[in-house]
Amino acid sequence: MEVEGKVGTLDARIPPGPIEDKWNRHRFEMKLVNPANRRKYTVIVVGSGLAGAAGAASLGELGYNVECFTYHDSPRRAHSIAAQGGINAAKNYRNDGDSVFRLFYDTVKGGDFRAREANVYRLAELSLNIIDQCVAQGVPFAREYGGLLDNRSFGGAQVSRTFYARGQTGQQLLLGAYQALMRQAAAGTVRMHPRTEMLDLVVVDGRARGIVTRNLVTGAIESHVGDAVVLATGGYGNVFYLSTNAKASNATAIWRAHRRGAFFANPCYTQIHPTCIPVSGDYQSKLTLMSESLRNDGRVWVPKRAGDTRPPDQIPEDERDYYLERKYPSFGNLAPRDIASRAAKEVCDQGRGVGPGGRGVYLDFSDAIRRQGEDRIREKYGNLFDMYERITGENAYRVPMRIYPAVHYTMGGLWVDYDLMSTIPGLFVGGEANFSDHGANRLGASALMQGLADGYFILPATVPNFLAGVKPDGLAPDHPAFRAVEREVADRVKRLLSIQGSRSVDAFHRDLGRIMWDLCGMARNENGLRKALQEIPALREDFWKNVRVLEDDLGLNQSLEKAGRVADFLELAELLAIDALHRAESCGGHFREESQTEDGEARRDDERFSYVAAWEFTGDPGRPVLHKEPLVFEYVKPTVRSYK
Amino acid sequence: MNLTLHVWRQKSPADPGRFATYQARNISPHMSFLEMLDVVNEELIARGEAPIAFEHDCREGICGSCGFMINGVAHGPRRGTTVCQLHMRMFKDGDVLWIEPWRARAFPVIKDLVVDRSALDRIIQAGGYITAPTGSAPDANAVLVPKEDADRAFDAAACIGCGACVAACPNASAMLFTAAKVAHLGLLPQGQPERWDRVRGMVAAHDREGFGNCTNIGECEAVCPKEISIEVIARLNRDLIKASFRRPRPARAAAAV
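Spelled out as structure tokens, the structure:
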């Protein structure tokens, strides 16, 4: 299906000049706000993960008046905390041929040539500053005995450029940003609003001017006015119900902004991570990732023969298929995520999967333990092995881990220009919530890099540039536009409580997840997507007739919180499927069965699909309007992405 | 397997609260403890009763959201494990479990098993950071950190801020939490300039919030899901004594951004 899209409506406002100079030149050309005037501007930051906390703290340091919102009890709970493996930076401390250009190249190629070159180059440049910044904050990165920083390699790269703090890199980076944020909270430049959920965006005279929130403890619906709004609210992976995202991770903030006019870009680009602990039963509430870094030392295999149920130690070497090493000899077990995930699905579909249900493959450390000793492996991955043991009851030092792909990250998100501003003036989007840097597939250890690049360095430059062009006007929260949105939000809450149907919110969420995973998951085809596009609206209709949300809106009500989020997922899911159907090519995490080579590899179609698909909301979730931002590659010529 | 749960139910901060008894039926040993509660909650919703409110998010043992007492032990019977990572294979058919929220004056109950832990954020605000404004950092390898120091700093930095140490302490002290941050930053060269003001400020904030004093009982260390050693408290005490011989930073400088 080819959809006529509007071309020319979107201006990414990429600065002119050679790619190496764009950001520097742009920084000089951007307008500044006099230090004495900064406190007259209020910036609303929604979300306190890497992008949100780093952005709020940095804008606070500059002297702006920052209001930071999180639905958690503390900003330190944001899901960035769960990232395990590491963060990339083109430091070339290993002398192994790394450079800013190589990180840029790897990221554009890893994203299957569906990202904007200028943004990715800037990300690679800023990766250097991020590591410096984090070390200065006291992030305890792994060190060599000589006291220098240690590195490891990650999927999709042939250099060691990943910095890490055991298997808890995200935690340590987030705590660094959190501590910077707390310093600003103490200094009075940032005001924190914990346990406060953004339920809508307020647009006044075509500009984003604030948000309407619900206090999760008292139930109060409140308006907050700002001169700019930053959304750093994460991705929408929980549209699949089962994912590696935290349970509360949701798309409400970006979806509400989309409904108010922000275009949603590439929603079908979802990342399925190859190394997660397999599903163990119907009660499963979430999936747990085992860091990709494990593939540095673990070897992935399945039995050669379908239906081979022998325990792994009784399968001789020559009856094992180390399929990643076989199919992709130059990258082997470090093949990028999309490729490794599809390969796992393929061997399981052939009946060669292992473990209960046959949806699993082995990740085997026995060679690495023999070569390096158990202690060295424990030092590198001890906490991951412990976590595996707690969840499965198995000791991975003795028996191979069992892993299977799971939804992990969403490359799609709100469309933003080079300055990370959405199609609504004054609304900025950072981190996983935007679509900007990863194209159709994100490389490992790049999410932390992007969140922090947006938060520490890009937003603190581009938001002031916007503010310099507007005057603080003392808009009050009782402005009719705010009052109207407050009423809409309150009505929706009341409506959810008044349905009093027969099925719980989780029951609907599970149903939605099943539709999405079966019909819009690792492999997609036209028939399946058309079926999904019938089932999703039907489920949404049933939800609004049949959901059961108990208690009231006057206090903490976790079912009510979930209901609002699932209601939004039920709309976003439809857009995701529409986008997946329209993109009749395979690229990155989006694999269309109709578009593959003879040996089952993804076939991209640059002639028809080398563009960003940005969708405009029209009032009917089933009829969005497509806008196309053509992608131009001046530095990395699109080629068939081969890891063989 | 089937279990009997006595769960603390408290509708609001003002409500006195009480235990209610529920049966958890057909529980698989592969479920996590929170998945078992999900099953109980689904049954409650089906019966038209309010589900049990409890905090949780990542369910991977790292966000620090979850936590409550199971038979008087913070995070339950498995050492070094948050309740979200505690699996039902740790229990047996017929077990009777008493589930209640963290109990501490500084952690008021909001609802059922959910408590307000914002006091911990305020302790961090009182000095639990290194002043490193964005953009001012030297090259990451400019300062060497001996591996041993980095490793020990990491051990302390692993704290997830769940509050189990407070719940387990007979004095409801948050000293393990406070000392973990003092140790993390104090072990690194970057943390030296603010070392003495940090410890003074954080301990003062800790006391202001209504946490009790540490009397070296060691219950905190026993329940800490990240197995942070009580040695960090000894380190904090040494730093606090040394700090008392130094001139504090002038108040004006402390307030500056």
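These protein sequences, in sequence, are chains A and B.
For the first sequence, counting from 1, position 246 maps to 247 in my numbering; every step adds exactly one.
For the second sequence, counting from 1, position 205 maps to 206 in my numbering; every step adds exactly one.
Quick reminder that beta carbons are idealized off the backbone N, C-alpha and C, glycines included.
Asked                                                                                                                                                                                                        : Found
Helix, strand or coil: which one does DSSP assign to A/E68?                                                                                                                                                  : strand
Give the interface partners of B/P109 over in chain A, defined as CB-CB distance under 9 Å, in chain order.                                                                                                  : Residues of chain A passing the Cβ test: none, with the nearest at roughly 11 Å.
So that I know if they touch, is there some Cβ in chain B lying closer than 9 Å to that of A/M31?                                                                                                            : no
If you reduce the DSSP assignment to three classes, tell me which class B/R209 lands in.                                                                                                                     : helix
Can you confirm whether the stretch 317-327 of chain A touches the stretch 255-263 of chain A when touching is taken to mean that 3 or more C-beta pairs between the two stretches lie within less than 8 Å? : no
Does chain A have any CB closer than 9 Å to the CB of B/Q126?                                                                                                                                                : yes
So the candidates are A/R604, A/A209 and A/A83; which of them puts its Cα closest to the Cα of A/S692?                                                                                                       : Here chain A comprises residues numbered 2 to 645, so residue 692 of chain A is not present and cannot be evaluated.
Give the straight-line distance between the Cα atoms of A/I459 and B/H185, rounded to the nearest whole angstrom.                                                                                            : 29 Å
Any idea what DSSP makes of A/F467, helix, strand or coil?                                                                                                                                                   : helix
Which residues in chain A have a C-beta closer than 7 Å to the C-beta of B/R90? List them in chain order.                                                                                                    : G394
Would a check of beta-carbon distances place B/A256 closer than 9 Å to chain A?                                                                                                                              : Caution applies to B/A256, whose pLDDT of 47 falls short of 50 and renders its modelled position unreliable; the value that the coordinates give is listed next. Judged by the 9 Å Cβ criterion, B/A256 is in contact with chain A.
Beta-carbon within less than 7 Å of A/F1's beta-carbon, same chain only, minus the 5 sequence neighbours each way: which residues are those?                                                                 : Within the shown structure, residues of chain A are numbered from 2 to 645, placing residue 1 of chain A beyond reach of any answer.
Where do the ends of the beta strand (DSSP E) carrying A/A407 lie?                                                                                                                                           : M402 to T411
Starting from the beta carbon of B/L4, find every residue of chain A whose beta carbon is closer than 9 Å, and list them in chain order.                                                                     : By Cβ distance, chain A contributes nothing, its closest Cβ being about 14 Å from B/L4, past 9 Å.
Between the stretch 404-421 of chain A and the stretch 379-386 of chain A, do at least 3 Cβ pairs fall closer than 8 Å?                                                                                      : no
Is it buried or exposed for A/V633, if we count other Cβ within 10 angstroms and need 16 for buried?                                                                                                         : exposed
Take A/G651 and list the residues in its own chain whose beta-carbon comes closer than 7 Å to its own, dropping the five residues that flank it on each side.                                                : Here chain A comprises residues numbered 2 to 645, so residue 651 of chain A is not present and cannot be evaluated.
Between the stretch 58-71 of chain B and chain A, which residues of the former have a C-beta closer than 7 Å to a C-beta of the latter?                                                                      : D58, C59, R60, E61, G62, I63, C64, G65 and S66
Give me the chain B residues within the contact set of A/I132, using Cβ-Cβ distance strictly less than 7 Å, ordered along the chain.                                                                         : A141
Can you pull the chain A neighbours of B/H31, defined as C-beta to C-beta under 7 Å?                                                                                                                         : S281 and G282
Which residues share a DSSP beta bridge with A/D322?                                                                                                                                                         : A/V303
Which stretch, first to last residue, makes up the beta strand (DSSP E) that contains B/R10?                                                                                                                 : L4 to R10
Decide yes or no for the touch test of the stretch 127-138 of chain A against the stretch 147-161 of chain B: beta carbon pairs closer than 8 Å, at least 3 of them.                                         : no
Among residues of its own chain, excluding the 5 on either side of A/E594, which ones have a beta-carbon nearer than 6 Å to its beta-carbon?                                                                 : A524 and N526
Between B/A158 and B/Q193, what straight-line distance do the alpha-carbon atoms span, to the nearest angstrom?                                                                                              : 16 Å
What are the residues that DSSP puts in a beta bridge with A/D365?                                                                                                                                           : A/R300
Please classify A/R184 as buried or exposed, where buried requires at least 16 other C-beta atoms within 10 Å of its C-beta.                                                                                 : buried
In the DSSP output, which residue or residues are listed as bridge partners for B/S33?                                                                                                                       : B/H88
How about B/F34: is its C-beta nearer than 9 Å to some C-beta of chain A?                                                                                                                                    : no
Mind checking the stretch 75-104 of chain B against chain A and listing, in chain order, the residues whose C-beta falls within less than 7 Å of any C-beta there?                                           : T82, Q86, H88 and R90
Shortest alpha-carbon distance to A/Y65 belongs to which of A/A37, A/P268 and A/A54?                                                                                                                         : A/A37
Could you check how far apart the C-beta atoms of A/Q172 and B/I63 are, in whole angstroms? I think they sit under 8 Å.                                                                                      : 6 Å
Over what stretch of residues does the beta strand (DSSP E) that includes A/D201 continue unbroken?                                                                                                          : T197 to V205
Kindly indicate if chain B contains any beta-carbon less than 9 Å away from that of A/P275.                                                                                                                  : no
On the criterion of 16 or more Cβ atoms from any shown chain inside 10 Å, does B/F92 qualify as buried, or is it exposed?                                                                                    : buried
With a threshold of 9 Å between beta carbons, is B/I229 in contact with chain A?                                                                                                                             : no
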